[in-house]
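This report concerns only the one structure given below.
Residue numbers (my numbering): 551 to 914.
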């Protein structure tokens, strides 16, 4: 005889109480939010755009109706501000996303471009020097800065990218003809760079005068009367008087031509051709400012890529780093046109008289 057992499952009352508590809590929260809910209004704010430049004070204003709370985020990492109208200064150029959250719910984002700061240059700080329009190869060029505020000078005469002189008065001798740019930077301020052009002309070669000696018949001859006719027998035999005259003449020794030439050389001083002096060029050491000026000049189309390669030790097209990326130097020059150059590192060579490579950052 078999017996069937039945099982019954009981749920603790505390489980029911828990679910009822959660339901009541959720309903209360929903009711509170529903009762205090405000529909999201259209956020509207404005800002002064007369001079949006680095260092300028810009005023931002909220024009949203029924706005009670504000959260301004200017996108440059500064702290959140909580007033209806705020003043802000951007320290760097570029694009920024400015956001405004109203009543902790509605948000508006606008993009603003901050232009680079325009530097006001003092006309009193510009250098002034006289430069002739032309000069001959080998002649000494002397230039003097006449500015009153200068205490540091960097002269470049265009035959290389290196600084050729660092004194108020500079001297230079050009070795090759052509058009060259003479530049001067005072007090290390590239903004006060002055450039002038000079034409270097070649020295005219001195041509030696050549006298061509040719045998020409003398046209100014004398018309002499014809000699009287004499029998041939008398011409072949000299007279006794003629023989006596010939015997009485002293003998004249004719010196050979070689002896005459030797005596002339002994008595005449022939000037020796001046020996060309070998010029010893001491290449000055470079510095970071010189490389920066050169790169910035390439960026501003004031210097050719070929001219800058004079700075490199061996390879004229090495690998360089720009904004974290690797380029060959010539391809790198295409990317930096019109950019602002900031040098991070330079790989020097030959006691800082040349460079192997460099690393830079560039901005717009």
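Note that CB positions come from ideal geometry on N, CA and C, so glycine has one too.
Given the structure is predicted, the values throughout are model-derived calculations rather than measurements.
Among 607, 621, 910, which residue has its Cα nearest to the Cα of residue 883?
910
In three-state terms, what does DSSP make of residue 678?
coil
How would you write the range of the alpha helix (DSSP H) that residue 852 sits in, first residue to last?
No alpha helix (DSSP H) holds residue 852; DSSP gives it neither H nor E.
Bridge partners of residue 890, per DSSP?
913
C-alpha distance - residue 597 paired with residue 890, whole-angstrom precision:
28 angstroms
Can you name, in chain order, every residue of its own chain whose Cβ lies under 8 angstroms from the Cβ of residue 912, other than the five neighbours on each side?
849, 872, 873, 885, 886, 889, 890, 891, 892
Residue 738 - DSSP class collapsed to helix/strand/coil:
coil
When the Cα of residue 748 is compared with those of 740, 571, 739, 731, which residue comes out closest?
731
Classify residue 647: buried if its beta carbon has 16 or more other beta carbons within 10 angstroms, exposed otherwise.
exposed
Name the residue from 620, 679, 638 whose alpha carbon lies nearest to the alpha carbon of residue 657.
620
State yes or no: is the C-beta of residue 869 within less than 9 angstroms of the C-beta of residue 877?
yes
Residue 846 versus residue 631: straight-line alpha-carbon distance, rounded:
39 angstroms
Measuring only the C-alpha atoms, how far is residue 843 from residue 655?
51 angstroms
Extent of the continuous alpha helix (DSSP H) run through residue 656:
Not the alpha helix (DSSP H): residue 656 falls in the beta strand (DSSP E), residues 656-664.
By how many angstroms is the C-alpha of residue 659 removed from the C-alpha of residue 642?
20 angstroms
Chain-order list of residues whose beta-carbon lies under 7 angstroms from that of residue 900 (same chain, five-residue window excluded):
863
Backbone CA spacing between residue 622 and residue 651 [nearest angstrom]:
7 angstroms
How would you call residue 766, buried or exposed, if buried means at least 16 neighbouring beta carbons within 10 angstroms?
Only weak support is given to the placement of residue 766: the predicted model assigns it a pLDDT of 49, under 50, and the value that follows is read from those uncertain coordinates. Result: exposed.
Residues near residue 637 by beta carbon distance below 8 angstroms, same chain, minus five either side
607, 608, 609, 610
Among the residues of its own chain, which have a CB less than 8 angstroms from the CB of residue 686, if the five just before and after it don't count?
750, 751, 752, 753
Close Cβ partners of residue 613 (< 7 angstroms) along its chain, the five nearest in sequence each way excluded:
594, 595, 596
Measure from the alpha carbon of residue 640 to the alpha carbon of each residue in 840, 717, 663, then state which is nearest.
663
Using a 10 Å radius around the Cβ and a threshold of 16 neighbouring Cβ atoms, would you call residue 678 buried or exposed?
exposed
Which of helix, strand or coil DSSP assigns to residue 743
coil
Please name the residue in 726, 701, 711 whose C-alpha comes closest to that of residue 738.
701
Return the bridge partner residues of residue 637 from the DSSP annotation.
609
Taking the C-alpha atoms as reference points, what is the distance between residue 906 and residue 857?
16 angstroms
Where residue 605 and residue 667 are concerned, what is the direct C-alpha to C-alpha distance, given to the nearest angstrom?
7 angstroms
Do residue 681 and residue 705 have their CB atoms nearer than 9 angstroms?
no
When you compare each of 671, 578, 635, 689 to residue 741 by their alpha carbons, which one comes out closest?
671
What does the alpha-carbon distance come out to for the pair residue 865 and residue 914?
29 angstroms
DSSP has residue 846 in a bridge; who is on the other side?
None, per the DSSP bridge assignment.
Since residue 719 sits in a beta bridge, which residues does DSSP pair it with?
694
Buried or exposed, going by whether 16 or more other CB atoms sit within 10 Å of the CB of residue 879?
buried
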